[in-house]
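S.K.: Using UniProt numbering, the first residue of the sequence shown is number 6, and each one after it goes up by one.
For reference, the structure I am asking about is given below.
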Amino acid sequence: PLILGIESTCDETGVGLVRGDDLLVDRTATSMDQYARYGGIIPEIASRAHLEAFVPTLDSALDEAGVSLGDVDAIAVSAGPGLVGSLTVGICAAKALALALDRPLYGVNHVIGHLAVDKLAEGPLPEHFIGLVVSGGHSNLLDVHDIATDVRELGGTLDDAAGEAFDKVGRLLGLPYPGGPHVDRLSQRGDREAIRFPRGLAAPKDRDRHAYDFSFSGLKTAVARYVEGARQCGEEVSAEDVCAAFSEAVNDSLTSKAVRACQDTGCGTIVIGGGFSANSRLRALIRERADAAGLTVRMPPLRFCTDNGAQIAAIGAELVRAGVAPSDPGFSPDSGMPLTQTWMAPRPVPA
Ligand code: ATP
Ligand code: FE
Ligand code: MG
């Protein structure tokens with residue numbers, strides 16, 4: 006079956022077409038360039054941009070794939086988590102299409118899509134894997150037995166997400182918004198051991214209760230103190246070294262806990278995903294540590310790390326494969342959709 010995926014959780018308008026594990030097309034428009042002067046996303050601007058971008062993005066995706074709307078067998082759309090205004094645009098468009106074409110509609114979890122997209126690059130997802138989703142809004146470890154029907158949450162960040170922490174450090178260093186990719190680039194030229202920043206939740210008292218949780222806000226404060234302290238002393242701060250040492254602290258936590266989750270659950274594969282999974286140090290360190298522990302690691306190519314429609318179509322394909330019931334046509338966006346919920350299952354009809 007041909008699945009149409011629609012993404013509009015934040016600033017990217019994405020349309021993807023997937024058949025089984027195969028990607029036909031993935032088209033994205035973004036309003037990110039409009040936020041540089043604000044230093045953050047303005048929800049009202051993002052919603053309007055989705056409204057303008059949706060139809061042209063859909064048309065060009067269909068064109069490129071050489072299919073027509075009538076060929077689509079099912080539709081998947083991000084139902085959350087995300088900005089309600091942005092989500093509403095994609096959901097309304099998806100509902101209209103589903104109604105007009107008389108096709109099933111699945112309201113799906115955007116964050117789970119960051120893991121599902123991996124199958125479009127590397128083939129069917131493994132039977133059981135540990136998912137590490139790291140993005141602007143999330144840093145979570147998931148125990149995934151079936152991405153459609155059995156996703157368990159092992160832990161997550163108690164404060165900032167990894168991407169968010171990178172963006173904040175970027176701002177602190179005067180880098181353009183969003184800072185994540187800039188901090189990554191600078192870190193590649195710095196000395197990871199020049200400064201020793203703290204690892205959150207690594208103390209013995211936290212080791213068991215927060216075995217799979219993360220905390221990055223203390224680290225961010227430590228970076229701020231370091232930079233201020235050095236400036237006050239009139240010392241030159243090496244932004245490269247600060248970025249490298251900061252990145253090392255974040256990625257040390259992410260990768261060591263992902264490996265531990267595999268070992269504790271007897272799972273042999275880690276799948277990473279989300280905007281932050283583009284981070285160069287994360288990709289190198291997870292590879293290194295997984296190899297050392299005899300684990301397989303799968304990571305999406307960089308073009309799939311950014312929010313996209315293909316990730317949403319990929320979940321749609323998994324839901325169709327699992328044979329689950331489509332969402333109720335009246336479902337609403339859920340800005341805080343839980344990660345254990347892959348899609349908006351229909352409410353049971355009262356007896
Ligand atoms: P969520 O997926 O949790 O809803 P989101 O969709 O806003 O959140 P993504 O778009 O998946 O997040 O990821 C964007 C985040 O990834 C931003 O914080 C950005 O700075 C960060 N990011 C992107 N590339 C890199 C990189 N190379 N290194 C570090 N951070 C990066
Ligand atoms: Fe995302
Ligand atoms: Mg985004």
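Where a beta carbon is used, it is the ideal one built from N, C-alpha and C, also for glycine.
The model shown is predicted, which means the values in this text are computed figures rather than measured ones.
Whose C-beta lies closer than 7 Å to the C-beta of THR226 among residues of the same chain, with five residues either side of it excluded?
M.R.: Within the same chain, THR226 has no close Cβ partners at all.
S.K.: Where the beta carbon is closer than 6 Å to any heavy atom of the ligand FE, which residues qualify, in chain order?
M.R.: Every residue passing the under-6 Å Cβ criterion appears here: HIS115, HIS119, SER140, GLY279, GLY280, ASP312.
S.K.: First and last residue of the beta strand (DSSP E) that includes HIS133?
M.R.: Run containing HIS133: none; DSSP gives neither H nor E here.
S.K.: Going by the C-beta, is PRO186 closer than 6 Å to any heavy atom of the ligand ATP?
M.R.: Yes, since a heavy atom of the ligand ATP falls inside the 6 Å radius drawn around the Cβ of PRO186.
S.K.: Alpha carbon to alpha carbon, what distance is there between LEU130 and ALA105?
M.R.: Rounded to whole angstroms, ALA105 to LEU130 spans 32 Å at the Cα level.
S.K.: Give every residue of the same chain whose Cβ lies closer than 8 Å to the Cβ of ILE135, excluding the five residues on either side of it in the sequence, and list them in chain order.
M.R.: For ILE135, where only same-chain residues beyond five positions count, the Cβ hits under 8 Å are LEU146, LEU147, ASP148, VAL149, LEU159, ALA263, ALA266, CYS267, THR270, CYS272, THR274, ILE275, VAL276.
S.K.: State the Cα-Cα distance for the pair CYS310 and ALA356, rounded to the nearest angstrom.
M.R.: For CYS310 and ALA356, the distance between alpha carbons rounds to 44 Å.
S.K.: On the three-state DSSP scale, how would you describe ARG230?
M.R.: Correct three-state label for ARG230: helix.
S.K.: Kindly examine the ligand ATP and report whether one of its heavy atoms sits closer than 6 Å to the Cβ of ALA283.
M.R.: At least one heavy atom of the ligand ATP is nearer than 6 Å to the Cβ of ALA283, so yes.
S.K.: Could you tell me the distance, in whole angstroms, from the CA atom of ALA13 to the CA atom of GLU233?
M.R.: Note that residue 13 is Ser in the sequence shown, not Ala. Distance between the alpha carbons of SER13 and GLU233: 38 Å.
S.K.: Within the continuous beta strand (DSSP E) that includes ILE47, where are the two ends?
M.R.: That residue, ILE47, is in no beta strand (DSSP E); it is neither H nor E in DSSP.
S.K.: Closer than 7 Å, CB to CB, is LEU307 near chain D or not?
M.R.: Among the protein chains of the structure shown there is no chain D, as only one such chain exists.
S.K.: Any chance the CB of GLY314 is under 6 Å from a heavy atom of the ligand ATP?
M.R.: GLY314: no, Cβ never under 6 Å from the ligand ATP.
S.K.: In angstroms, rounded to a whole number, what distance separates the CA positions of VAL325 and ARG288?
M.R.: Straight-line Cα distance between these residues: approximately 31 Å.
S.K.: Is it buried or exposed for CYS238, if we count other Cβ within 10 angstroms and need 16 for buried?
M.R.: Looking at its Cβ environment, which holds fewer than 16 other Cβ atoms inside 10 Å, CYS238 is exposed.
S.K.: What are the boundary residues of the beta strand (DSSP E) that includes ARG303?
M.R.: It spans 301-303 - the beta strand (DSSP E) in which ARG303 sits, taken as one unbroken run.
S.K.: In chain order, which alpha helix (DSSP H) runs of at least 4 residues are fully inside the segment 75-148?
M.R.: Entirely contained in the segment 75-148, the alpha helix (DSSP H) runs reaching 4 residues are, in chain order, 89-106, 115-121, 123-127.
S.K.: From ASP333 to VAL354, what distance separates their C-alpha atoms?
M.R.: Rounded to whole angstroms, ASP333 to VAL354 spans 11 Å at the Cα level.
S.K.: Per DSSP, residue 2 forms a beta bridge with which residues?
M.R.: Since the first and last residues shown for the chain are 6 and 356, residue 2 lies out of range.
S.K.: Using CA atoms only, rank isn't needed, just tell me which of PRO306, GLY10, VAL188, ARG108 is closest to VAL255.
M.R.: Closest by alpha carbon: VAL188.
S.K.: Label SER73 either buried or exposed according to how many other C-beta atoms from any shown protein chain fall within 10 Å of its C-beta, with 16 as the threshold for buried.
M.R.: Looking at its Cβ environment, which holds fewer than 16 other Cβ atoms inside 10 Å, SER73 is exposed.
S.K.: By Cβ distance below 8 Å, which residues in the same chain neighbour ALA51 in space, the five residues on each side in sequence not counted?
M.R.: Answer for ALA51: CYS15, ASP16, SER36, LEU88, GLY90, SER91, listed in chain order.
S.K.: Count the other CB atoms, across all protein chains shown, that sit within 10 Å of the CB of PRO306; report buried if there are 16 or more and exposed otherwise.
M.R.: Label assigned to PRO306: exposed.
S.K.: Return the first residue and the last residue of the beta strand (DSSP E) that VAL255 is part of.
M.R.: Note, VAL255: premise wrong, no beta strand (DSSP E); alpha helix (DSSP H) at 244-270.
S.K.: Tell me where the beta strand (DSSP E) around ILE277 begins and ends.
M.R.: Its beta strand (DSSP E) spans residues 274-278.
S.K.: Is GLY321 helix, strand or coil when you go by DSSP?
M.R.: Helix.
S.K.: Are the CB atoms of ILE320 and ILE80 within a distance shorter than 7 Å?
M.R.: No, these two residues do not count as a Cβ contact at 7 Å.
S.K.: Inspect the CB distances between the segment 296-305 and the segment 50-67 and report whether three or more fall short of 8 Å.
M.R.: Result no; under three Cβ-Cβ pairs closer than 8 Å.
S.K.: Check the DSSP bridge columns for residue 3 and list the partner residues they point to.
M.R.: One cannot answer for residue 3 here, as it falls past the ends of the chain, which runs 6 to 356.
S.K.: Judging by CA-CA distance, which residue of ALA121, LYS173, LEU125 is the nearest neighbour of GLY278?
M.R.: Measuring from the Cα of GLY278, the nearest candidate turns out to be ALA121.
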